[in-house]
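K.L.:
Chain order of the listed sequences is A, B, C and D.
So for the first sequence, this note's numbering puts the first residue at 1; every next one is plus one.
So for the second sequence, this note's numbering puts the first residue at 1001; every next one is plus one.
So for the third sequence, this note's numbering puts the first residue at 2001; every next one is plus one.
So for the fourth sequence, this note's numbering puts the first residue at 3001; every next one is plus one.
There's a structure below that I have some questions on.
Protein chains: 4
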Amino acid sequence: MATGSVLETVTAEEARRVIDAAAAKATEIGQPMDIAVVDAGGNLKAHVRMDGANIGSITIAINKAYTAIAFQCETGDLQGLTRPDGPIYGLNDAHGGRLVVFPGGIPLVRNGDIVGAVGVSTGTIEQDQEVAEAGVAAF
Amino acid sequence: MATGSVLETVTAEEARRVIDAAAAKATEIGQPMDIAVVDAGGNLKAHVRMDGANIGSITIAINKAYTAIAFQCETGDLQGLTRPDGPIYGLNDAHGGRLVVFPGGIPLVRNGDIVGAVGVSTGTIEQDQEVAEAGVAAF
Amino acid sequence: MATGSVLETVTAEEARRVIDAAAAKATEIGQPMDIAVVDAGGNLKAHVRMDGANIGSITIAINKAYTAIAFQCETGDLQGLTRPDGPIYGLNDAHGGRLVVFPGGIPLVRNGDIVGAVGVSTGTIEQDQEVAEAGVAAF
Amino acid sequence: MATGSVLETVTAEEARRVIDAAAAKATEIGQPMDIAVVDAGGNLKAHVRMDGANIGSITIAINKAYTAIAFQCETGDLQGLTRPDGPIYGLNDAHGGRLVVFPGGIPLVRNGDIVGAVGVSTGTIEQDQEVAEAGVAAF
């Protein structure tokens, strides 16, 4: 058996703080959201589907957070790059349906290290981004 | 063992009524169709592949119904949004190949609650939408 | 656009209450856990990976909750039935890798209706079951 | 473009007759069922989830019907063969989670040709088989 525990990068308490801050912003703007937090390994740490949020956005929120870790950037940064005339057009087809290339996924940074990411989905991309930013601000 | 049954949102009788009305319209316009009904959880309640309908459209019809529930909208509403210059371009790649972003999937609404959805495929998008609408009208 | 919201069966507040009660029990017995709650459609409502819980158990916890809804029973009820000499041996291979046939998944019942389920994973099956039961008790 | 239609082996009318006969038997024995009919190509022709039937059994019923076509036998015929001491132990792991190796899936035969199959799930294997046989009898 292993002699220790897998090194973790985001705590459950931090994930909840991020989600609660994001949910508070979602409530403030009147748009229920799916909100997910992943760790540095891209694995789900916590998720909440607010009442009224999309069931289709469960996966989109998780995949936004995954994408933000997977490529060490905001998901919105990939939008221009992946459009038909962009340099990495086709990226979103290249990873088994796990990548999201529009806003709402943002890395969580601590002391210069990306240690996790938050992903938000159900609203417009402007709303998703605003709610994700509120989550990041609470990290 | 469980002490109850899973709460259901659409009955088999309702699903058949929707499918039969859709199939009648399909027959009227001379275009055989795949027709699927899902419940509020996106799970298949009933499906019929009319004689002559596409086998590839089995999945498309089911996924249209799923998409309509998953995003609480008609699948046609996603078409402009997901085109190459749209704000959520790439959505259809971001959910493991389950999303359809062209017409033919419509929510089933009862007393203001979305309780299921119908998806239709094989014809043109205009035909798919017309047949889906005929199904909705019978709900 | 849709004229209502998808009918929901478990609220975010209820899901958090179940998860918090389960996590409190997990802390009490000194075994960090993945804890997931799904709704009546089998779709994720909330998830927490406690610090120290397995990343492999993210999916197992979610799939335990899914299985409990999918077959309207506790996952432990399937264990004897699916063993090599059981009547439905092979069930766990027959659904694309989404079924769990050992303890830790329990339906959430309200007024005789199964409206969701909780799934717990990382510990022994006895611990997973005990923690899931603590979650159910708080529902 | 194609100059004809794909050759079909089971009509929608026949599939409905099989499903209705199976559902009548399910009602008679007091066990709601998922019932699926596939054609000779293993593709879904029709499906009904009776009220109260398992959502997990949607896939199991469809996969039982698929398995019956896929191996030109009743799914129950595979049970002994695939147990740990059987000659094709592991078969159910060898096809991406689509095979069911217990009773409830039966080929539909016309003039000595297997032209489709019916699959039934939610009850005990004895009930599933009995209901599937009632469907076959109506073919």
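For every residue, glycine included, the Cβ atom is placed at its ideal position computed from N, Cα and C.
Small disclaimer: the values here were computed from a predicted structure and weren't measured.
Please report the straight-line C-alpha distance between A3015/D and G1080/B, rounded to a whole angstrom.
P.N.:
Locating residue 3015/D in the fourth sequence gives position 15, counting from the first residue. Locating residue 1080/B in the second sequence gives position 80, counting from the first residue. Approximately 38 Å between the Cα atoms of the pair.
K.L.:
Whose CA, out of E133/A, G116/A, G30/A and A138/A, lies closest to the CA of V156/A?
P.N.:
Given that chain A is displayed from residue 1 to residue 139, the structure contains no residue 156/A and the question cannot be resolved.
K.L.:
On the DSSP letters alone, give me the boundaries of the alpha helix (DSSP H) that G3080/D sits inside.
P.N.:
In the fourth sequence, residue 3080/D corresponds to position 80, counting from 1. Where G3080/D is concerned, the enclosing alpha helix (DSSP H) stretches over D3077 to T3082.
K.L.:
If you drop the 5 nearest sequence neighbours on each side, which residues of the same chain put their C-beta closer than 7 Å to that of R2049/C?
P.N.:
As a working mapping, residue 2049/C is identified with position 49 in the third sequence. Correct list, in chain order: D2034 and I2058.
K.L.:
Check for me: the alpha helix (DSSP H) holding G1135/B runs from which residue to which?
P.N.:
Stepping through the second sequence from its first residue, residue 1135/B is reached at position 135. G1135/B -> alpha helix (DSSP H) spans I1125 to A1137.
K.L.:
What do you reckon, are the CB atoms on D2113/C and G1004/B nearer than 7 Å?
P.N.:
Taking the third sequence and counting its residues from 1, one reaches residue 2113/C at position 113. Taking the second sequence and counting its residues from 1, one reaches residue 1004/B at position 4. A contact, by the Cβ cut-off of 7 Å.
K.L.:
Who are the neighbours of N1043/B on chain C, taking C-beta pairs under 8 Å?
P.N.:
Here residue 1043/B refers to the residue found at position 43 of the second sequence. Those are G2041 and G2042, listed as they occur along chain C.
K.L.:
Do you know whose CA, among D3128/D, G3030/D and G3041/D, lies nearest A3070/D's CA?
P.N.:
Within the fourth sequence, the letter at position 70 stands for residue 3070/D. Of the candidates D3128/D, G3030/D and G3041/D, the one whose C-alpha sits nearest the C-alpha of A3070/D is G3041/D.
K.L.:
Taking the straight line between their C-alpha atoms, what separation do you get for I3019/D and D2093/C?
P.N.:
As a position in the fourth sequence, residue 3019/D is number 19, starting the count at 1. As a position in the third sequence, residue 2093/C is number 93, starting the count at 1. Near 25 Å, if we compare the C-alpha coordinates of D2093/C and I3019/D.
K.L.:
Locate the alpha helix (DSSP H) running through G56/A, then write down its first and last residues.
P.N.:
Taking the first residue of the first sequence as 1, we reach residue 56/A at position 56. G56/A -> alpha helix (DSSP H) spans G56 to A70.
K.L.:
Tell me, please, which residues DSSP counts as bridged to A36/A.
P.N.:
Counting from one through the first sequence, the residue named residue 36/A turns up at place 36. Note: A36/A sits in a beta bridge opposite H47/A and G119/A.
K.L.:
Grab me the residues of R1098/B's own chain with a C-beta within less than 7 Å of its C-beta, minus the 5 sequence neighbours each way, in chain order.
P.N.:
Here residue 1098/B corresponds to residue number 98 of the second sequence, with the count starting at 1. The answer, listed in chain order, is N1063 and Y1066.
K.L.:
Give a yes or no on whether the C-beta atoms belonging to G2119/C and G2105/C are separated by under 7 Å.
P.N.:
Working through the third sequence from its first residue, we reach residue 2119/C at position 119. Working through the third sequence from its first residue, we reach residue 2105/C at position 105. Yes, the Cβ-Cβ distance between G2119/C and G2105/C is below 7 Å.
K.L.:
How many Å lie between E74/A and H47/A at the Cα?
P.N.:
Position 74 of the first sequence holds residue 74/A. Position 47 of the first sequence holds residue 47/A. Distance between the alpha carbons of E74/A and H47/A: 19 Å.
K.L.:
Note down the Cα distance separating I88/A from T82/A, rounded to an integer number of angstroms.
P.N.:
Taking the first sequence and counting its residues from 1, one reaches residue 88/A at position 88. Taking the first sequence and counting its residues from 1, one reaches residue 82/A at position 82. Using only the alpha carbons, I get a separation of about 5 Å.
K.L.:
Given a threshold of 16 other Cβ atoms within 10 Å of its Cβ, counted over all protein chains shown, does T1124/B qualify as buried or as exposed?
P.N.:
Looking up residue 1124/B in the second sequence gives position 124. It counts as exposed.
K.L.:
Kindly list the residues whose CB is nearer than 6 Å to the CB of Q1031/B, restricted to its own chain and excluding five residues on each side of it in sequence; keep chain order.
P.N.:
Your numbering for residue 1031/B matches position 31 in the second sequence. Contacts found: G1123 and Q1127.
K.L.:
Let me know the secondary structure DSSP gives L2108/C once reduced to three states.
P.N.:
Position 108 of the third sequence, counted from the start, is the residue given in the question as residue 2108/C. Of the three classes helix, strand and coil, the one that applies to L2108/C here is strand, per DSSP.
K.L.:
Roughly how far, in whole angstroms, is the beta-carbon of Q3129/D from the beta-carbon of P3107/D, given that I think they are within contact range, below 8 Å?
P.N.:
Residue 3129/D sits at position 129 when you count from the first residue of the fourth sequence. Residue 3107/D sits at position 107 when you count from the first residue of the fourth sequence. Going by Cβ atoms, the distance from Q3129/D to P3107/D rounds to 13 Å, so no, they are not a contact pair.
K.L.:
I need the straight-line Cα distance from A1134/B to I3029/D, nearest angstrom please.
P.N.:
Residue 1134/B sits at position 134 when you count from the first residue of the second sequence. Residue 3029/D sits at position 29 when you count from the first residue of the fourth sequence. Going by the C-alpha atoms only, they are around 35 Å apart.
K.L.:
Can D2051/C and A12/A be called in contact, C-beta distance under 7 Å?
P.N.:
In the third sequence, counting from the first residue as 1, residue 2051/C sits at position 51. In the first sequence, counting from the first residue as 1, residue 12/A sits at position 12. Cβ distance < 7 Å, so D2051/C and A12/A count as in contact.
K.L.:
Just the C-alpha distance for V1101/B and G1076/B, rounded to the nearest angstrom, thanks.
P.N.:
Along the second sequence, one-based indexing puts residue 1101/B at 101. Along the second sequence, one-based indexing puts residue 1076/B at 76. Each residue's Cα considered, the two are about 6 Å apart.
K.L.:
Which same chain residues, not among the five before or five after L2044/C, have their C-beta less than 7 Å away from its C-beta?
P.N.:
To locate residue 2044/C, count along the third sequence from 1; it is residue 44. Correct list, in chain order: A2036, V2038 and I2062.
K.L.:
In the DSSP assignment, the alpha helix (DSSP H) including V1018/B goes from what residue to what residue?
P.N.:
Stepping through the second sequence from its first residue, residue 1018/B is reached at position 18. Element bounds for V1018/B: A1012 to I1029.
K.L.:
I want to see whether chain A comes within less than 7 Å of A2068/C, judged by CB atoms only; does it?
P.N.:
As a position in the third sequence, residue 2068/C is number 68, starting the count at 1. Answer no: the Cβ-Cβ gap between A2068/C and chain A never drops below 7 Å.
K.L.:
Cβ closer than 9 Å: which chain D residues qualify as neighbours of A2021/C?
P.N.:
For the purposes of this step, residue 2021/C is taken as residue 21 along the third sequence, with counting starting at 1. Those within 9 Å of A2021/C in chain D number zero; the least Cβ separation is about 26 Å.
K.L.:
Using three-state DSSP, classify D93/A as helix, strand or coil.
P.N.:
Position 93 of the first sequence, counting from 1, holds the residue named residue 93/A. Residue state, collapsed to three classes: helix.
K.L.:
Anything in chain B within Cβ reach of D3113/D, meaning under 7 Å, just list it in chain order.
P.N.:
Locating residue 3113/D in the fourth sequence gives position 113, where the first residue counts as 1. Residues of chain B passing the Cβ test: none, with the nearest at roughly 18 Å.
K.L.:
Near V131/A, what residues of its chain come up, given a Cβ to Cβ distance below 6 Å and the 5 sequence neighbours on each side ignored?
P.N.:
As a working note, residue 131/A is residue 131 in the first sequence. If we look at V131/A and ignore the five residues flanking it on each side, its Cβ neighbours are A22, K25, A26, M33 and V120.
K.L.:
Any C-beta of chain D sitting closer than 7 Å to the C-beta of G2090/C?
P.N.:
The residue given as residue 2090/C occupies position 90 in the third sequence. It does; some Cβ of chain D falls within 7 Å.
K.L.:
Once you ignore the five residues that flank T2009/C on each side, which residues in its own chain have a CB closer than 7 Å to its CB?
P.N.:
For the purposes of this step, residue 2009/C is taken as residue 9 along the third sequence, with counting starting at 1. The answer, listed in chain order, is D2039, A2040, V2115 and G2116.
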